[in-house]
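Visitor: The structure follows.
Protein chains: 2
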Amino acid sequence: MNAPIVNPALTKNQALVFDALNRAEGPMSAYTILDKLRDHGFRAPLQVYRALDKLTEFGMVHRLESLNAFVACAHRESECCGAGHGHGHGTVAFAICESCNQVLEFHDHAVDHLLNDWANGKGFKPSKTTIEIRGVCEKCAA
Amino acid sequence: MNAPIVNPALTKNQALVFDALNRAEGPMSAYTILDKLRDHGFRAPLQVYRALDKLTEFGMVHRLESLNAFVACAHRESECCGAGHGHGHGTVAFAICESCNQVLEFHDHAVDHLLNDWANGKGFKPSKTTIEIRGVCEKCAA
DNA sequence: TGGCACACGTTATAGCATAACGCAATTGAT
DNA sequence: ATCAATTGCGTTATGCTATAACGTGTGCCA
Ligand SMILES: [Zn+2]
Ligand SMILES: [Zn+2]
Ligand SMILES: [Zn+2]
Ligand SMILES: [Zn+2]
Chain A
1 MNAPIVNPAL
11 TKNQALVFDA
21 LNRAEGPMSA
31 YTILDKLRDH
41 GFRAPLQVYR
51 ALDKLTEFGM
61 VHRLESLNAF
71 VACAHRESEC
81 CGAGHGHGHG
91 TVAFAICESC
101 NQVLEFHDHA
111 VDHLLNDWAN
121 GKGFKPSKTT
131 IEIRGVCEKC
141 AA
Chain B
1 MNAPIVNPAL
11 TKNQALVFDA
21 LNRAEGPMSA
31 YTILDKLRDH
41 GFRAPLQVYR
51 ALDKLTEFGM
61 VHRLESLNAF
71 VACAHRESEC
81 CGAGHGHGHG
91 TVAFAICESC
101 NQVLEFHDHA
111 VDHLLNDWAN
121 GKGFKPSKTT
131 IEIRGVCEKC
141 AA
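Those protein sequence lines, which keep their order, are chains A and B. The numbering of the first sequence is my numbering, which starts it at 1 and goes up by one. The numbering of the second sequence is my numbering, which starts it at 1 and goes up by one.
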């Protein structure tokens, strides 16, 4: 339940990567980000990965395990569950449209509690939980 | 909800890969499997990936997205939720110990229903759902 | 002023996955 | 039986994802 970092000062590279992700319609791979930032001086994957590591640590970016890609966090500030504490209270889930690549980010406290209960029952100590629903969004299903 | 295949006849390569996964303590990457099967004539990654694709389709093997690795299904026959229908009734979840690499596979119908409810509310049509809890198992937490 | 922490840049390498080709075995009509 | 379609197989080559290892520079604070 580590408290997330709030409004950290970003370095130049971190800001560039975060900006690229925010402009993007959907998730981007590290290498796609690299290509978008070549004009800004990026030359090597590590420049992207290092920035992504930090941004993820700050809770500003999420990694989508089933895509090997990254998205900017969709909860700007305190959209739910109280003010200004990012995702510190639980697990984030994603619905990923395989047709238009749109990603919906959401919390489900009930799911979170159920999984935690299961873990407690087994003596398992969770550090990070991944929930990703692949499918087709409402628009694309029409 | 597609009904899973029951007791399909495996080809030689599929049987070898499945066997390797069953013998293993934990998940294995495709390349690790390849190395284990070189003595049996395997020479190229595609031989492994093709077998894994089929075994996954059969529901006999699961891919762990957060590890880029594969495990044999831990529900031999009909351990829960009725007889002989594999995972057709819902989503599988995994608890992955980052210390000993043990993987616990389980269902949670309540979680499944909650996520489906969320999807229904959004008009999202799920095709595959990934739930993976990274952490430390009871033994390793001691 | 020395030591430390941290971001950065670069080169090289490791690890994961698929494209594209051709051949062989199987199946299932006609 | 025969042809066509399907499926699996083997091989080579390639592409995508991620990290190791090295050195540089900068700010901070005993
Ligand atoms: Zn978020
Ligand atoms: Zn869509
Ligand atoms: Zn299973
Ligand atoms: Zn363990």
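Built from N, CA and C at the ideal position, the CB exists for glycine as well. On a predicted model such as this, the values are computed, not experimentally measured, just so you know.
Once DSSP output is grouped into helix, strand and coil, what is the label at A74 of chain B?
Guide: coil
Visitor: When burial is assigned at 16 or more other CB atoms within 10 Å of the CB, is R100 of chain B buried or exposed?
Guide: The sequence given here places Cys at residue 100 of chain B; Arg does not occur at that position. The residue is exposed, with fewer than 16 neighbouring Cβ atoms inside 10 Å.
Visitor: Show which residues of chain A have a CB atom less than 9 Å away from the CB atom of V92 of chain B.
Guide: Those within 9 Å of V92 of chain B in chain A number zero; the least Cβ separation is about 13 Å.
Visitor: Are the C-beta atoms of F124 of chain A and some chain B residue less than 7 Å apart?
Guide: yes
Visitor: With a cut-off of 8 Å, do at least 3 Cβ pairs link the region 53-61 of chain A to the region 38-45 of chain A?
Guide: Two segments are said to touch when three or more pairs of C-beta atoms, one from each, lie closer than 8 Å; by this definition the region 53-61 of chain A does not touch the region 38-45 of chain A.
Visitor: Nearest-angstrom Cα distance between E25 of chain A and Q102 of chain A?
Guide: Roughly 7 Å between the two C-alpha positions.
Visitor: Got a sec? Which residues, its chain only, sit under 8 Å from A143 of chain B by beta carbon, not counting five neighbours each side?
Guide: Any answer about residue 143 of chain B is impossible in this case: the structure gives chain B only from 1 up to 142.
Visitor: In the DSSP assignment, what residue or residues form a beta bridge with F94 of chain B?
Guide: B:E105 and B:E132
Visitor: Is DSSP giving C140 of chain B helix, strand or coil here?
Guide: C140 of chain B: helix per DSSP, three-state reduction.
Visitor: Can you round the beta-carbon distance between V136 of chain A and L115 of chain B to whole angstroms, since I take them to be within the 8 Å contact cut?
Guide: Actually they do not touch by this definition, with Cβ atoms about 15 Å apart.
Visitor: Whose C-beta lies closer than 7 Å to the C-beta of R134 of chain A among residues of the same chain, with five residues either side of it excluded?
Guide: S66, I96 and E98
Visitor: How would you list, in chain order, the residues of chain B whose beta-carbon sits under 9 Å from the beta-carbon of C137 of chain A?
Guide: K122, G123, F124 and K125
Visitor: With a CB to CB cut of under 8 Å and the five nearest residues on each side skipped, what residues in its chain are close to F18 of chain B?
Guide: Only L10, A51, L55, M60, V61 and A72 meet the Cβ criterion.
Visitor: Residues of the region 42-67 of chain B with a CB closer than 8 Å to any CB of chain A: list them in chain order, please.
Guide: With the criterion set as a beta carbon lying under 8 Å from some beta carbon of chain A, the members of the region 42-67 of chain B are E65 and S66, in sequence order.
Visitor: Residues of the region 101-123 of chain B in Cβ contact with chain A at a cutoff of 8 Å, in chain order, please.
Guide: Among the residues of the region 101-123 of chain B, those with a Cβ less than 8 Å away from any Cβ of chain A are L104, F106, D108, A110, V111, L114, L115, W118, A119, K122 and G123, in the order of the chain.
Visitor: In chain order, what residues of the same chain have a beta carbon less than 7 Å from the beta carbon of T129 of chain B, not counting five sequence neighbours either side?
Guide: T91 and L115
Visitor: When DSSP labels each residue in this structure, what does H85 of chain B get in the three-state scheme?
Guide: Per-residue confidence for H85 of chain B stands at a pLDDT of 42, beneath the threshold of 50, marking its modelled position as unreliable; no derived number is given.
Visitor: For a contact meaning CB atoms closer than 9 Å, what does R134 of chain A contact in chain B?
Guide: Near R134 of chain A (Cβ distances below 9 Å), the residues of chain B are P126, S127, K128, T129 and T130.
Visitor: Can you tell me which of the three DSSP states M1 of chain B falls into?
Guide: With a pLDDT of 42 at M1 of chain B, under the threshold of 50, the modelled position of this residue cannot be trusted, and the question is left open.
Visitor: Alpha carbon to alpha carbon, how far is R38 of chain B from N22 of chain A?
Guide: Taking the straight line from one Cα to the other gives about 46 Å.
Visitor: Leaving aside the five residues before and after Q14 of chain A along the sequence, list all residues of the same chain whose C-beta is less than 8 Å from its C-beta, in chain order.
Guide: For Q14 of chain A, where only same-chain residues beyond five positions count, the Cβ hits under 8 Å are A51, K54 and L55.
Visitor: Comparing the C-beta of A95 of chain A with each C-beta of chain B, is any distance below 7 Å?
Guide: yes
Visitor: Could you tell me which of A:K36, A:A69, A:K139 and A:C140 sits nearest to E132 of chain A, measuring between CA atoms?
Guide: A:A69
Visitor: Taking only beta-carbon positions, decide if A69 of chain B is within less than 7 Å of chain A.
Guide: no
Visitor: So D117 of chain A packs on A93 of chain A, CB below 8 Å; how close in whole Å?
Guide: Between A93 of chain A and D117 of chain A the Cβ distance is about 17 Å, and since that is not below 8 Å, they are no contact.
Visitor: How would you call A141 of chain A, buried or exposed, if buried means at least 16 neighbouring beta carbons within 10 angstroms?
Guide: exposed
Visitor: Starting from V61 of chain B, follow its DSSP beta bridges and name the residues at the other end.
Guide: B:A72
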